[in-house]
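For reference, each letter of the sequence shown is one residue, going 252 to 327 in our numbering.
Below: the structure, in C-alpha coordinates.
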Amino acid sequence: MAIRYTCRHCETEIGTLPFESAKETILLLQKMDEEEVEHFLTYEKDGALTVRCICEHCEQSLQRFPDYYTLNKWLQ
(Lines of atoms letter the chains of each structure in order from A and count residues from 1; the text may use other names and numbers.)
(Lines give C-alpha, C1' and ligand atoms only; values in the text may rest on other atoms or scores of the structure.)
Protein backbone atom coordinates (compact mmCIF):
# COMPACT_ATOMS: atom_id res chain seq x y z
CA MET A 1 0.00 0.00 0.00
CA ALA A 2 1.21 3.51 -0.78
CA ILE A 3 0.12 7.12 -0.92
CA ARG A 4 0.40 8.54 -4.42
CA TYR A 5 0.43 12.25 -5.17
CA THR A 6 -0.83 13.37 -8.58
CA CYS A 7 -1.57 16.79 -10.00
CA ARG A 8 -5.30 17.37 -10.19
CA HIS A 9 -4.86 19.52 -13.29
CA CYS A 10 -2.35 17.73 -15.54
CA GLU A 11 -2.48 14.23 -13.95
CA THR A 12 1.33 14.16 -13.56
CA GLU A 13 2.50 11.81 -10.83
CA ILE A 14 4.33 13.96 -8.31
CA GLY A 15 5.53 11.19 -6.05
CA THR A 16 4.77 8.11 -3.98
CA LEU A 17 5.13 7.63 -0.27
CA PRO A 18 5.28 4.09 1.15
CA PHE A 19 2.31 3.61 3.48
CA GLU A 20 4.59 2.53 6.33
CA SER A 21 6.40 5.88 6.20
CA ALA A 22 3.25 7.97 6.12
CA LYS A 23 2.12 8.18 9.76
CA GLU A 24 2.16 11.98 9.85
CA THR A 25 0.43 12.26 6.47
CA ILE A 26 -2.28 9.80 7.51
CA LEU A 27 -2.96 11.82 10.67
CA LEU A 28 -3.42 14.98 8.58
CA LEU A 29 -5.69 13.19 6.12
CA GLN A 30 -7.91 11.97 8.96
CA LYS A 31 -8.55 15.61 9.94
CA MET A 32 -10.07 16.42 6.54
CA ASP A 33 -13.81 16.94 6.35
CA GLU A 34 -16.02 14.87 4.04
CA GLU A 35 -16.07 17.45 1.24
CA GLU A 36 -12.27 17.70 1.19
CA VAL A 37 -11.91 13.92 1.18
CA GLU A 38 -14.29 13.67 -1.77
CA HIS A 39 -12.44 16.38 -3.69
CA PHE A 40 -8.82 15.42 -2.99
CA LEU A 41 -8.62 11.68 -2.15
CA THR A 42 -9.22 8.52 -4.16
CA TYR A 43 -8.89 5.01 -2.80
CA GLU A 44 -7.58 2.69 -5.50
CA LYS A 45 -8.48 -0.99 -6.02
CA ASP A 46 -4.93 -2.05 -5.11
CA GLY A 47 -5.31 -0.42 -1.68
CA ALA A 48 -3.28 2.68 -2.52
CA LEU A 49 -4.49 6.15 -1.71
CA THR A 50 -4.19 8.88 -4.34
CA VAL A 51 -4.00 12.48 -3.16
CA ARG A 52 -4.89 15.01 -5.84
CA CYS A 53 -2.80 18.13 -5.30
CA ILE A 54 -1.03 20.56 -7.66
CA CYS A 55 2.38 20.32 -9.30
CA GLU A 56 4.82 23.22 -9.49
CA HIS A 57 4.22 23.78 -13.20
CA CYS A 58 0.44 24.10 -12.81
CA GLU A 59 0.83 26.26 -9.72
CA GLN A 60 3.08 28.67 -11.65
CA SER A 61 0.59 28.75 -14.53
CA LEU A 62 -2.26 29.58 -12.15
CA GLN A 63 -0.20 32.37 -10.60
CA ARG A 64 0.52 33.84 -14.04
CA PHE A 65 -3.04 33.37 -15.31
CA PRO A 66 -5.45 33.59 -12.35
CA ASP A 67 -8.46 33.42 -14.69
CA TYR A 68 -7.71 29.70 -15.04
CA TYR A 69 -9.22 29.21 -11.58
CA THR A 70 -12.66 29.78 -13.11
CA LEU A 71 -12.24 26.89 -15.55
CA ASN A 72 -13.01 23.27 -14.64
CA LYS A 73 -10.32 21.98 -17.01
CA TRP A 74 -7.79 24.39 -18.44
CA LEU A 75 -5.25 21.88 -19.77
CA GLN A 76 -6.00 19.98 -22.94
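Where a beta carbon is used, it is the ideal one built from N, C-alpha and C, also for glycine.
When the options are compared against residue i, the one with the closest alpha-carbon
{"i": "Val-302", "options": "Pro-317, Asp-318 and Thr-293", "result": "Thr-293"}
{"i": "Phe-291", "options": "Glu-271, Glu-262 and Gln-314", "result": "Glu-262"}
{"i": "Tyr-299", "options": "Cys-306, Thr-267 and Tyr-320", "result": "The question names Tyr, but residue 299 in the sequence shown is Ala. Per the Cα distances, Thr-267."}
{"i": "Phe-270", "options": "Glu-310, Ala-253 and Ile-277", "result": "Ala-253"}
{"i": "Glu-287", "options": "Glu-275, Ser-312 and Cys-304", "result": "Cys-304"}
Residue i (DSSP reduced to helix, strand or coil)
{"i": "Thr-267", "result": "strand"}
{"i": "Ile-277", "result": "helix"}
{"i": "Cys-309", "result": "helix"}
Residue i burial status per 10 Å Cβ neighbour count (16 or more: buried)
{"i": "His-260", "result": "buried"}
Residues that DSSP places opposite residue i in a beta bridge
{"i": "Cys-261", "result": "Its beta-bridge partners do not exist; DSSP assigns none."}
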